[in-house]
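Numbering (the numbering used here), first residue to last: 1 to 333.
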């Protein structure tokens with residue numbers, strides 16, 4: 001794996017994490033690579049948690065923020081790994097999965113622009129609950145864990161927001177456990193598709209049947225049957241690039257009550273987390289808390305660092321463990 005640093009200043013560092021393995025060296029992107037990346041960049045999608053901070057609290061975290069590109073399938077932490085960073089996804093989506101002794105996986109939580117990960121379990125044990133793996137490639141920011149802890153202790157407003165997010169996350173886990181126990185796979189699949197759709201700026205979800213089967217804990221054939229039914233009902237359309245959401249309102253109607261309960265909890269504790277404005281985001285609608293820093297964290301989904309081969313994840317990507325950024329011996333982290 002290569003870690004590539006650009007513009008090495010505290011507020012504009014950009015790390016590109018390559019999904020390739022077998023390379024432990026750290027390279028600086030050549031000048032022609034920098035020009036190519038710069039020409040293709042756009043303002044990074046915001047992280048709602050950071051956007052909701054007031055100016056004083058954001059100013060405390062800003063010097064420690066590092067921008068990253070996370071390719072699909074990248075494993076950030078394995079179960080029991082020491083946690084070094086708190087991550088704030090922008091347009092990347094990361095799944096926390098529990099890995100069974102026989103190799104099977106079960107998704108425990110999903111993280112996107114609404115919040116953060118690498119903090120809840122790190123308050124005491126500082127160890128990862130499970131495997132944190134990138135399911136949709138994109139950008140994110142991270143803060144060293146010690147700096148995050150210091151900021152929380154010194155700033156009550158930031159502490160309250162962290163506690164509110166942790167409560168919403170625990171509610172999500174609570175409803176997910178109940179959902180997996182009592183609701184049919186069709187309704188659970190709709191809930192999962194909606195949860196992913198909430199965190200993206202596009203209607204196409206870049207997922208395969210195999211990947212969905214892993215996340216839902218069912219056979220691939222079961223997922224294929226469910227998706228065919230949803231397509232027949234014109235709620236979705238299956239295509240080469242993934243699953244296209246055609247009728248979101250219909251999906252919400254077909255989903256179980258758990259989706260609405262989880263959304264209600266987030267909206268109550270963290271208002272505006274999944275605002276519909278995400279579908280038509282523009283420069284004028286960027287939340288004020290992040291406007292000043294938006295230009296500092298620029299990335300392009302079309303940049304060469306994210307190749308076409310990482311447009312979607314498969315269960316094989318989730319099953320393997322690409323080298324994580326914290327494990328690169330020579331990385332200047």
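We treat Cβ as the ideally placed atom computed from N, Cα and C, and that holds for glycine.
_residue 220 to residue 184 span [Cα, whole Å]_ = Taking the first residue of the chain shown as position 1, residue 220 is located at position 220. Taking the first residue of the chain shown as position 1, residue 184 is located at position 184. Approximately 15 Å, taken between the alpha carbons.
*Leaving aside the five residues before and after residue 224 along the sequence, list all residues of the same chain whose C-beta is less than 6 Å from its C-beta, in chain order.*
Counting from one through the chain shown, the residue named residue 224 turns up at place 224. For residue 224, where only same-chain residues beyond five positions count, the Cβ hits under 6 Å are 209.
*Go ahead and label residue 156 buried or exposed: buried means 16 or more other beta carbons lie within 10 angstroms of its beta carbon, across all protein chains shown.*
On the chain shown, residue 156 is found 156 positions in, with the first residue counted as 1. So residue 156 counts as exposed.
*Taking only the alpha-carbon atoms, compute the straight-line gap between residue 286 and residue 68 and give it to the nearest angstrom.*
Here residue 286 corresponds to residue number 286 of the chain shown, with the count starting at 1. Here residue 68 corresponds to residue number 68 of the chain shown, with the count starting at 1. Bear in mind that the predicted position of residue 286 carries a pLDDT of just 36, short of 50, making it too unreliable to give a figure here.
*In chain order, which continuous runs of the alpha helix (DSSP H) of length 4 or greater are located wholly inside the segment 73–158?*
145–154
*According to DSSP, is residue 339 helix, strand or coil?*
Given a span of 1 to 333 for the chain in the structure shown, any question on residue 339 remains unanswerable.
*Which stretch, first to last residue, makes up the alpha helix (DSSP H) that contains residue 250?*
Taking the first residue of the chain shown as position 1, residue 250 is located at position 250. Start and end: 248–254.
*Would you mind listing the beta strand (DSSP E) stretches within the segment 160–185 that are 3+ residues and don't spill past its ends, in chain order?*
none
*Decide if the segment 153–171 is in contact with the segment 236–244; the criterion is three or more beta carbon pairs, one per stretch, under 8 Å apart.*
no
*Is the distance from the Cβ of residue 94 to the Cβ of residue 132 below 8 Å?*
Against the chain shown, residue 94 aligns to sequence position 94. Against the chain shown, residue 132 aligns to sequence position 132. In this structure, residue 94 sits near residue 132, with a CB-CB distance shorter than 8 Å.
*asked:* For residue 134 and residue 73, which I take to be in contact (beta-carbon distance under 8 Å), what is that distance rounded to the nearest angstrom?
replied: Locating residue 134 in the chain shown gives position 134, where the first residue counts as 1. Locating residue 73 in the chain shown gives position 73, where the first residue counts as 1. Going by Cβ atoms, the distance from residue 134 to residue 73 rounds to 6 Å, so yes, they are a contact pair.
*When the Cβ atoms of the segment 262–276 are set against those of the segment 228–237, are three or more pairs found closer than 8 Å?*
no
*asked:* For the alpha helix (DSSP H) containing residue 202, name the first residue and the last one.
replied: The count along the chain shown starts at 1 and reaches residue 202 at position 202. Secondary structure note for residue 202: it is in no alpha helix (DSSP H), with a DSSP letter that is neither H nor E.
*Beta-carbon gap between residue 226 and residue 186 smaller than 8 Å*: The residue given as residue 226 occupies position 226 in the chain shown. The residue given as residue 186 occupies position 186 in the chain shown. Cβ distance < 8 Å, so residue 226 and residue 186 count as in contact.
*Under 6 Å Cβ to Cβ from residue 122, same chain only, skipping five residues before and after it: list those, please.*
Along the chain shown, one-based indexing puts residue 122 at 122. Excluding residues within five positions, the ones whose Cβ falls inside 6 Å are 83 and 145.
*Measure the CB-CB distance between residue 118 and residue 86 and report whether it falls below 8 Å.*
Locating residue 118 in the chain shown gives position 118, where the first residue counts as 1. Locating residue 86 in the chain shown gives position 86, where the first residue counts as 1. Yes, these two residues count as a Cβ contact at 8 Å.
*In three-state DSSP terms, what is residue 70?*
Here residue 70 is taken as the residue at index 70 of the chain shown, counted from 1. DSSP, reduced to helix, strand and coil, places residue 70 within a strand of the structure shown.
_Reduced DSSP category for residue 219 - H, G, I as helix; E, B as strand; rest coil_ = Here the question's residue 219 lines up with position 219 in the chain shown. Correct three-state label for residue 219: coil.
*How would you label residue 104, buried or exposed, when you count the other beta carbons within 10 angstroms and need 16 or more for buried?*
Along the chain shown, read from residue 1 onward, the residue named residue 104 stands at position 104. Result: exposed.
*Which residues mark the beginning and the end of the beta strand (DSSP E) in which residue 242 is found?*
Residue numbering aside, residue 242 sits at position 242 when the chain shown is read from its first letter. Taken as a continuous stretch (DSSP letters only), the beta strand (DSSP E) holding residue 242 covers 242–245.
*Have a look at residue 38 and residue 52 and give me their C-alpha separation to the nearest angstrom.*
For the purposes of this step, residue 38 is identified with residue 38 of the chain shown, where counting begins at 1. For the purposes of this step, residue 52 is identified with residue 52 of the chain shown, where counting begins at 1. Interpretation of residue 38 is limited by its pLDDT of 27, a score under 50 that renders its predicted location unreliable; the figure taken from the coordinates is listed afterwards. Rounded to the nearest angstrom, the two C-alpha atoms are 28 Å apart.
*Terminal residues of the alpha helix (DSSP H) in which residue 260 lies*: Here residue 260 refers to the residue found at position 260 when the chain shown is read from its first residue. Run containing residue 260: 257–269, per the alpha helix (DSSP H) assignment.
_What does the Cβ neighbour count give for residue 172, buried or exposed, with the cut at 16 atoms within 10 Å?_
Position 172 of the chain shown holds residue 172. Buried, because 16 or more other Cβ atoms sit within 10 Å of the Cβ of residue 172.
*Count the other CB atoms, across all protein chains shown, that sit within 10 Å of the CB of residue 213; report buried if there are 16 or more and exposed otherwise.*
For the purposes of this step, residue 213 is taken as residue 213 along the chain shown, with counting starting at 1. Buried.
*Cβ-based burial, residue 71 [other Cβ within 10 Å; buried from 16]*: In the chain shown, the residue the question calls residue 71 occupies position 71. Label assigned to residue 71: buried.
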